[in-house]
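Numbering (our numbering), first residue to last: 39 to 331.
To keep things clear, I will list the structure first and then write my remarks on it.
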Amino acid sequence: MQNALTIDVEEHFQVHNLESAVSRSDWDGHESRVEANVERILELLDRRRTKATFFVLGWVAERHPELVGHIASLGHEVASHGYAHRLVYSQTQQEFADDLERSTAILRDALSRATTPPRWPLRGYRAPSFSITAAAPWALDTIRDAGFCYDSSIMPASGHDRYGMKDVSRFAHASSNGLIECPVSTVRCLGRNWPAAGGGYFRLFPIWFTRWAVRRINSEGHPAVVYLHPWEFDPMQPRIHGPSAWMRFRHYVNLDKTYQRLDDLLGRFTFGPMCEVYADLISGAGESALPRK
Numbered sequence: 039m040q041n042a043l044t045i046d047v048e049e050h051f052q053v054h055n056l057e058s059a060v061s062r063s064d065w066d067g068h069e070s071r072v073e074a075n076v077e078r079i080l081e082l083l084d085r086r087r088t089k090a091t092f093f094v095l096g097w098v099a100e101r102h103p104e105l106v107g108h109i110a111s112l113g114h115e116v117a118s119h120g121y122a123h124r125l126v127y128s129q130t131q132q133e134f135a136d137d138l139e140r141s142t143a144i145l146r147d148a149l150s151r152a153t154t155p156p157r158w159p160l161r162g163y164r165a166p167s168f169s170i171t172a173a174a175p176w177a178l179d180t181i182r183d184a185g186f187c188y189d190s191s192i193m194p195a196s197g198h199d200r201y202g203m204k205d206v207s208r209f210a211h212a213s214s215n216g217l218i219e220c221p222v223s224t225v226r227c228l229g230r231n232w233p234a235a236g237g238g239y240f241r242l243f244p245i246w247f248t249r250w251a252v253r254r255i256n257s258e259g260h261p262a263v264v265y266l267h268p269w270e271f272d273p274m275q276p277r278i279h280g281p282s283a284w285m286r287f288r289h290y291v292n293l294d295k296t297y298q299r300l301d302d303l304l305g306r307f308t309f310g311p312m313c314e315v316y317a318d319l320i321s322g323a324g325e326s327a328l329p330r331k
């Protein structure tokens, strides 16, 4: 079974775990490491002959348009991660719509400069920190109205301090407005959904757990959706010391293991971009056959 590999393209200093010590107005003063980190991922994917979806932050694309074109010219899918990396539920509906519009314009302009025409159009969106929750009931309509075909912003679990919608289906489905929702992966155990196969969970838990989670999800007849960030492949990134010890731990734990662990997964499972893994659903032809949530 083909699983979905997704990369949320943002700088190491834009992460919400570090925001107490990093002002948005100072972002341009920090060292940019995103190009080198993305290139390392691209080289690994090329060696493993695997394509992925890159959810690119508009702020990054604005400063590195050639990076967006490079990703697309290699046959990977480029999708939107919004512009300013703000939590969706911290914005008004209009602010969110404006953020989507700004990022879309920047990404489309960058894609138009690709040396090779993009294989995939701009179809997907993922919110920063999976911040589409019950606190932003208008979010999916806003994404649909912005012209996106699918969203991958919902974590169908509970217990996290920023995200979670435990009553949403764990697997791809059509929202009531027709937008395809492709939640990131969780496993069902002990009567609840547990996040798996991505981000801090990928770094914190041993690799055997991630392998087990992917196999468990596949055994239920569904693809796993794995998500990572370029900064997670960068153990030498500058340390930011202002946040609490817990927040620093969440950001920096096992950064030296991410590359090897992803290489391990790519050698054991088949992966592809969201537009390929969920092609029938996203195309709209299969939309009417999906359960409505």
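The beta carbon of each residue, even a glycine, is placed where N, CA and C say it ideally should be.
{"Item": "What are the partner residues of Ala117, as DSSP defines its beta bridges?", "Value": "Phe93"}
{"Item": "Just grab the DSSP bridge partners of Gln40 for me.", "Value": "Thr308"}
{"Item": "Would you mind stating whether Gly162 and Met312 have Cβ atoms separated by less than 7 Å?", "Value": "yes"}
{"Item": "May I ask you to report which of helix, strand or coil DSSP gives Ser157?", "Value": "The sequence given here places Arg at residue 157; Ser does not occur at that position. Three-state DSSP puts Arg157 in coil, outside helix and strand."}
{"Item": "By alpha-carbon positions, which one of Arg87, Gln40, Glu115 and Met39 ends up nearest to Val47?", "Value": "Glu115"}
{"Item": "Would you kindly report the start and end of the unbroken alpha helix (DSSP H) that includes Val264?", "Value": "Taken as a continuous stretch (DSSP letters only), Val264 belongs to no alpha helix (DSSP H), being part of the beta strand (DSSP E) at Val263 to Leu266."}
{"Item": "In whole angstroms, give me the CA-to-CA distance for Phe93 and Phe168.", "Value": "12 Å"}
{"Item": "Measuring CA to CA, which of Trp176, Gly237, Ala195 and Thr44 is closest to Lys204?", "Value": "Ala195"}
{"Item": "Out of Thr142, Ile144, His50 and Glu219, which one is the CA nearest neighbour of Val76?", "Value": "His50"}
{"Item": "Can you check DSSP and say which residues form a bridge with Ile45?", "Value": "Phe92 and Leu266"}
{"Item": "Output needed for Ala174: all residues of its chain with C-beta closer than 7 Å, excluding positions within five of it in sequence on either side, in chain order.", "Value": "Val126 and Tyr127"}
{"Item": "Which of helix, strand or coil does DSSP assign to Asn55?", "Value": "helix"}
{"Item": "Could you check what DSSP says for Cys313 in three-state terms: helix, strand or coil?", "Value": "helix"}
{"Item": "Leaving aside the five residues before and after Asn55 along the sequence, list all residues of the same chain whose C-beta is less than 8 Å from its C-beta, in chain order.", "Value": "Pro281, Met285, Arg286, Arg288 and His289"}
{"Item": "Which residue's Cα is closest to the Cα of Gln298: Asp147, Gly67 and Pro244?", "Value": "Pro244"}
{"Item": "Which ranges does the alpha helix (DSSP H) cover as unbroken runs of at least 4 residues, wholly within the region 123-179, from first to last along the chain?", "Value": "131-150"}
{"Item": "Can you tell me the Cα-Cα spacing of Tyr239 and Ile144, whole angstroms?", "Value": "31 Å"}
{"Item": "Here's a check: name, in chain order, each residue in its chain whose Cβ is nearer than 6 Å to the Cβ of Asp41, leaving out the five neighbours to either side.", "Value": "In the sequence on display, residue 41 carries Asn and not Asp. These residues qualify, in order along the chain: Pro261, Ala262, Phe307 and Phe309."}
{"Item": "Who are the near neighbours of Gln275 in its chain, counting only those whose CB is closer than 8 Å to its CB and skipping five residues on each side?", "Value": "His50, Arg71, Trp269 and Leu293"}
{"Item": "Please confirm whether Tyr188 and Ile45 have their CB atoms less than 7 Å apart.", "Value": "no"}
{"Item": "Considering only C-alpha positions, which residue in the set Arg254, Asn215, Ala165 and Ile218 is nearest to Thr224?", "Value": "Arg254"}
{"Item": "Please report the straight-line C-alpha distance between Thr154 and Ala110, rounded to a whole angstrom.", "Value": "8 Å"}
{"Item": "Which residue from Asp64, Leu95, Pro103 and Arg86 puts its Cα closest to that of Gly305?", "Value": "Arg86"}
{"Item": "Taking buried to mean at least 16 other C-beta atoms within 10 Å of its own C-beta, is Pro166 buried or exposed?", "Value": "buried"}
{"Item": "Provide the residue span of the beta strand (DSSP E) that contains Trp65, from first to last.", "Value": "No beta strand (DSSP E) contains Trp65, which DSSP labels as neither H nor E."}
{"Item": "Excluding the 5 residues preceding and the 5 following Glu69 in the sequence, name in chain order all residues of the same chain whose CB lies nearer than 8 Å to its CB.", "Value": "Pro276"}
{"Item": "Whole-angstrom Cβ separation of Trp97 and Ala135, contact assumed at under 8 Å?", "Value": "Actually they are not in contact, since the Cβ atoms of Trp97 and Ala135 sit about 17 Å apart, beyond 8 Å."}
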